[in-house]
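Q: What follows is a structure written as structure tokens; I'll ask about it next.
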Amino acid sequence: MTAVFTAFMIFQIYAFLIYDPILLAGGAGLMALVVVHGHHHILRRELTASRLVLITIIAALTLALPFALNQTLVSSYHYTIGVTSILAAYIFSRFPLETYRSLRLALVALQSYTIWFLLTTTHTVFPLDYMIEGSSSNGITSVLVILQAAYVGISFHVRRKAAIITSLATLYIALEGFGRGSILSAAMICFLMLPLYFLSIRTAAGRLAVILVALIVLAFFVPRTIDVVSNYLVNSTKLSQGLLDPARAEMYRDYLAKIDPVTFFTGTDFEGTSIEAKYNGNPHSSLIRAHHLFGILYLLAVLGSLAGAVLATRTWVSLFITGALISIILFRSVSEPVIFPTAMDFFVFVFLFIACGSPRSRASRAVREAPRAGIAVS
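Position in the sequence shown (from 1) plus 472 gives the number in this note's numbering.
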């Protein structure tokens, strides 16, 4: 099962990065096959936080569809991928251990190929722009951040471990990609690993040792490297330009200026905005695109469902970890159209469904509840 799950995830990631219409349609078709094969999981009569999220988002998409089709026929694809991705995510969440293993393999595969490309390419300026034809540096690093956040969350909820190595790999790739949003998102994930690792240690002596090492690093390592790091971030990335560049600020202003009392609810087009004139209809924001396609009802359904699912987690630790990771995902989505609704929604919602307690297979539950300590080497 893990091999099938992994192949499914890798195909979805590849199709999204290439953004080829045929591959995207194939990805949607695969999700539909998952839904058909696992429909009995969806039809069970049970009311959980996961099912409420499922029903809320599908209902919002369906209610908004007539208005979306009136605006653009492309919304039919986004509706299909929005519905099938969340349904497939719900089915996968019934097998958390298998999903955890498969996502780890898919993430490591993408990271390994990306790092190999960075080490062998002759391009020195925005090298990731040349890695996958049809994709960009921002696209690749944004997808990695989404996958990393989902993997960290699933790793915590299924295995109770911190995924430090993959988090550091994502940060390295984000730095090579130069983008502010991905660098900050990846850095926040790495910082989140500190309390996660601390919580994974079962002995007082082990926790004391971690505290001592952290104090030593803060006292001796940070003062000696902070100038080097700050100079690199200023001179070799886009962080020196601020969190919001003028181009994105212009797009956001143009879109908001088009909204009236009617289009606030239904969404509006990009006609007459810099989004259409300068950026080929790419709003560079998941939230703007979600509103553009399906209006405020869908946008509020997504944001409200994410918040509700986080609050439905079982312990305060789970609430903190899940809430932090969802916040990082939303932070990254503000400046890149990577989710809502796309194939990447699958990874966000499978993490969320596992976090808020979707029913699990007996074998996976046994592995989850077995006592363990330490840190994942992934």
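We treat Cβ as the ideally placed atom computed from N, Cα and C, and that holds for glycine.
In this text, all values refer to a predicted model and were calculated from it rather than measured experimentally.
Alpha carbon to alpha carbon, what distance is there between MET473 and THR642?
A: 26 Å
Q: What first and last residue would you give for the alpha helix (DSSP H) that runs through HIS509?
A: 493-509
Q: Classify TYR724: buried if its beta carbon has 16 or more other beta carbons within 10 angstroms, exposed otherwise.
A: TYR724 comes out buried.
Q: For THR638 versus LEU577, is the C-beta spacing smaller than 7 Å?
A: no
Q: Under DSSP, the alpha helix (DSSP H) around ASN754 begins and ends at which residues?
A: Neither: ASN754 is in no alpha helix (DSSP H) and is coded neither H nor E.
Q: Around the C-beta of SER609, are 16 or more other C-beta atoms found within 10 angstroms, so that it is buried, or is it exposed?
A: buried
Q: From ALA784 to ILE494, what does the alpha carbon distance come to, in whole angstroms?
A: Distance between the alpha carbons of ALA784 and ILE494: 38 Å.
Q: Determine whether the beta carbon atoms of ARG720 and HIS763 lie at a separation below 7 Å.
A: No, Cβ-Cβ distance for ARG720 and HIS763 is not below 7 Å.
Q: Quick check on the DSSP output: the alpha helix (DSSP H) that includes LEU526 runs from which residue to which?
A: 521-543
Q: Please check the pair MET503 and SER557, which I expect to be a contact at CB under 8 Å, by giving their CB distance rounded to whole angstroms.
A: The C-beta separation of MET503 from SER557 comes to about 6 Å, placing the pair in contact by the 8 Å criterion.
Q: Beta-carbon separation of ILE626 and TYR572 under 7 Å?
A: yes
Q: Would you check if the region 533-543 and the region 583-595 touch, i.e. whether three or more CB-CB distances between them fall below 8 Å?
A: no
Q: Under 7 Å between the Cβ atoms of ALA521 and CYS828?
A: yes
Q: Answer yes or no: do SER657 and ARG804 have a C-beta to C-beta separation smaller than 7 Å?
A: Going by C-beta atoms, SER657 is nearer than 7 Å to ARG804.
Q: Got a sec? Which residues, its chain only, sit under 7 Å from SER746 by beta carbon, not counting five neighbours each side?
A: The beta carbon of SER746 sits closer than 7 Å to the beta carbons of GLU722, MET723, ASP726 from its chain, once the five residues preceding and following it are set aside; these are given in chain order.
Q: If you compare alpha carbons, which of LEU569, ILE553, ILE514 is closest to ALA475?
A: LEU569
Q: Quick one: residues in its chain with C-beta nearer than 7 Å to the C-beta of TYR623, no 5 flanking neighbours on either side, listed in chain order?
A: LEU575, ARG576, LEU579, ALA635, THR638
Q: Roughly how many whole angstroms lie between the Cα atoms of HIS511 and LEU559?
A: 9 Å
Q: Would you mind reading off the limits of the alpha helix (DSSP H) that contains ALA676?
A: 676-688
Q: Taking C-alpha atoms, which residue in LYS730, THR735, PHE736, PHE737 lies nearest to GLU748?
A: LYS730
Q: Is ILE529 closer than 7 Å to MET816 when the C-beta atoms are compared?
A: no
Q: Please report the straight-line C-alpha distance between GLY744 and ALA497, rounded to a whole angstrom.
A: Rounded to whole angstroms, GLY744 to ALA497 spans 30 Å at the Cα level.
Q: Would you call PRO733 buried or exposed, if buried means 16 or more other Cβ atoms sit within 10 Å of its Cβ?
A: exposed
Q: Between VAL782 and ILE798, how many whole angstroms is the CB-CB distance? I'm expecting something under 8 Å.
A: 6 Å
Q: The alpha helix (DSSP H) that contains TYR724, what's its start and end?
A: 718-730
Q: Report the residue from PHE792, ILE688, ILE645, TYR770 whose alpha carbon sits nearest the alpha carbon of TYR615.
A: Sequence check: residue 615 is Val here, not Tyr. When only C-alpha atoms are compared, the closest one is ILE645.
Q: Which residue wins for smallest C-alpha separation from SER672, given the options GLN543, ILE688, ARG786, PHE628?
A: PHE628
Q: Look at the Cβ atom of SER654, then the Cβ atom of THR596, and state whether they are nearer than 7 Å.
A: no
Q: Quick check: the Cα distance between LEU600 and GLY795, rounded to an integer number of angstroms?
A: Computed Cα separation, rounded: 30 Å.
Q: Output the boundary residues of the alpha helix (DSSP H) element that contains ARG804.
A: 788-806
Q: With DSSP run on the structure shown, which of helix, strand or coil describes THR474?
A: helix
Q: According to DSSP, is ALA815 part of a helix, a strand, or is it coil?
A: coil
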